Each structure stands twice: as C-alpha cells, then as structure tokens.
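A.B. asks:
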Amino acid sequence: MMTGFIFDLDGVLTDTAQLHFEAWQALGEKLGISIDQTFNEQLKGISRMDSLEKILKRGGQASDFTSEEKEQLAAEKNAHYVRLLEQLSPADLLPGVQDFLKAASAEKIPCSLASASKNAPIILEKLAIAHFFDAVVDPTTLTKGKPDPEIFLKAAEALGFEVHEVIGFEDAQAGIDGLKAAGIFAVGIDPRDKLKDVDRLVGSFEELSVDALVEELDQ
Numbered sequence: 001m002m003t004g005f006i007f008d009l010d011g012v013l014t015d016t017a018q019l020h021f022e023a024w025q026a027l028g029e030k031l032g033i034s035i036d037q038t039f040n041e042q043l044k045g046i047s048r049m050d051s052l053e054k055i056l057k058r059g060g061q062a063s064d065f066t067s068e069e070k071e072q073l074a075a076e077k078n079a080h081y082v083r084l085l086e087q088l089s090p091a092d093l094l095p096g097v098q099d100f101l102k103a104a105s106a107e108k109i110p111c112s113l114a115s116a117s118k119n120a121p122i123i124l125e126k127l128a129i130a131h132f133f134d135a136v137v138d139p140t141t142l143t144k145g146k147p148d149p150e151i152f153l154k155a156a157e158a159l160g161f162e163v164h165e166v167i168g169f170e171d172a173q174a175g176i177d178g179l180k181a182a183g184i185f186a187v188g189i190d191p192r193d194k195l196k197d198v199d200r201l202v203g204s205f206e207e208l209s210v211d212a213l214v215e216e217l218d219q
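What the sequence shown shows, in full-length UniProt numbering, is residues 1 to 219, in sequence order.
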C-alpha cells in the first residue's frame, strides 16, 4: 500500500518554541502581561490569534482591543519572531529528523507539512529540508485550528491519499487529537511521554524506522 507522511513543524522537525516564547514575552511586557514558560506550554500547537487571545485573557484585556488592533498585535509579535528566525540553521533540526526524511525520500514516500505557521516555508528553507516536502498546507486556507482535523485532511488531500493511507507526526496534544479526529495513524514525538491516544509514542525520530512504520500501517 502506498503511504504518505504528514508532519507538524514546531516541536517535530525543529523546536522554535523558545523563539516564540521570547517574541510573546516581549509583546506581553509591552502590554503589562507576565508570560512565563509554564504558561507558554498552553500556546503550543495552536494558532497565532488563539495564542494572543489566551495572553490577553491572562492579563484581563480580552475586551480591550478591536479585531483590527488584535491583528496588529499579532503582526508585531510575528515580525519579532521572524527576526529571531534569522539565526535558524540545519543544526537546529531535532534528533533523527534528517535521516528519517532521507529514508522517506529514498522509499519515495511523499511528505506534506501541516503547520498553522505562516512562516513554515521560511523555516523549511532555513533548515534546508524544503526539498523533502511535496506539499505545504497554506494556513490562510483553513477555517479552524487544531484540534480540528481540517489541516490534516487538507494535507492528506494535497498528497492524493485517503486518511487511512497516511501517517501523521505531532508533538502537541491538540495535534494528536486532530489526527485522531481525521482518522489518521498518529505518531507522538514526546520525550516527556505525556501525549495520550497515540498509535505510537517515541522520544525522537531516532527511535523510528520508515519501513517499520509503513509495515505497521499496513497491518
């Protein structure tokens, strides 16, 4: 059976969580809202606007801004984040990712990226892995964020596969929930072993074999 792979980006291929944290923290300071690492965990796997709403709610400012002003705040955070991305390089790939993508390419397994980040193409280029991906879901085409399955359904469709023919890789519970809601085989990448309802749970791609995964999906 032909198989396709669907990857989340942040926390799966690379970890820019610290860069997101720094950018959100800077915006929080401007607004008088304290953001720590513990709260930052709530922002993983969700969209930029949903993250902003959580931050504003934390500071009791959810009703203080118009939609246009919120868009401006989100754009300000993103501009800061993009500046921080300039330091990103292939050295920032997470353990085992490069070898796994090479193995998938050797087996002619098409790959798509299912990330809510509008910066995904830039990040793939910085990491020098853009050539491994046959499709990247454009987040501007989405109407709902994770854990809604929409992004994963579009990623499978972009590869020309049915949901039972693809394997998804996620590091956040919202992503895992979205994969399962879509009916997709879900691999959790989580060194802390906290993800639930996964079909496979590993600490990194170093623990995964392309051939073994495809065989498991076929069973």
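Backbone N, C-alpha and C define an ideal beta-carbon position, used for all residues, glycine too. This structure is a prediction, so every number in the text was calculated from the model and none was measured.
Looking at the unbroken alpha helix (DSSP H) that takes in A26, where does it start and where does it end?
C.D. replies: Per DSSP, A26 belongs to the alpha helix (DSSP H) from 17 to 31.
A.B. asks: For a test of the three-state rule: what should DSSP assign to L217, helix, strand or coil?
C.D. replies: helix
A.B. asks: Can you confirm whether L84, when its beta carbon is compared against all beta carbons of chain B, has any partner nearer than 9 Å?
C.D. replies: In the structure shown, chain B does not exist; there is a single protein chain.
A.B. asks: Are L85 and I123 close, meaning C-beta to C-beta below 9 Å?
C.D. replies: Yes.
A.B. asks: Have a look at S209, D218, G175 and flag the residue whose alpha-carbon is nearest the alpha-carbon of I6.
C.D. replies: Nearest C-alpha to I6: G175.
A.B. asks: Please return the same chain residues whose Cβ sits closer than 8 Å to the Cβ of L101, not counting the five positions on each side in sequence.
C.D. replies: C111, I129, F132
A.B. asks: Give the DSSP bridge partners of E68, in chain order.
C.D. replies: According to DSSP, E68 bridges with nothing at all.
A.B. asks: What residue does the beta strand (DSSP E) around R48 start on, and which one ends it?
C.D. replies: DSSP places R48 outside any beta strand (DSSP E); the residue lies instead in the alpha helix (DSSP H), whose first and last residues are 48 to 58.
A.B. asks: I need the straight-line Cα distance from G183 to D199, nearest angstrom please.
C.D. replies: Roughly 11 Å between the two C-alpha positions.
A.B. asks: Looking at the structure shown, is A174 part of a helix, part of a strand, or coil, going by DSSP?
C.D. replies: helix
A.B. asks: Report back the beta-carbon spacing between A172 and G11 to the nearest angstrom; my notes put them in contact at under 8 Å.
C.D. replies: 6 Å
A.B. asks: Is it the case that the Cβ atoms of S47 and G145 are separated by a distance below 9 Å?
C.D. replies: Yes; because the gap between Cβ atoms is below 9 Å, this pair is in contact.
A.B. asks: Which of the three DSSP states, helix, strand or coil, is assigned to I109?
C.D. replies: coil
A.B. asks: My guess is that F169 and L217 are in contact by the Cβ rule of under 8 Å, so how many angstroms apart are they, rounded?
C.D. replies: With 8 Å as the limit, F169 and L217 do not qualify as a contact, their Cβ atoms being about 13 Å apart.
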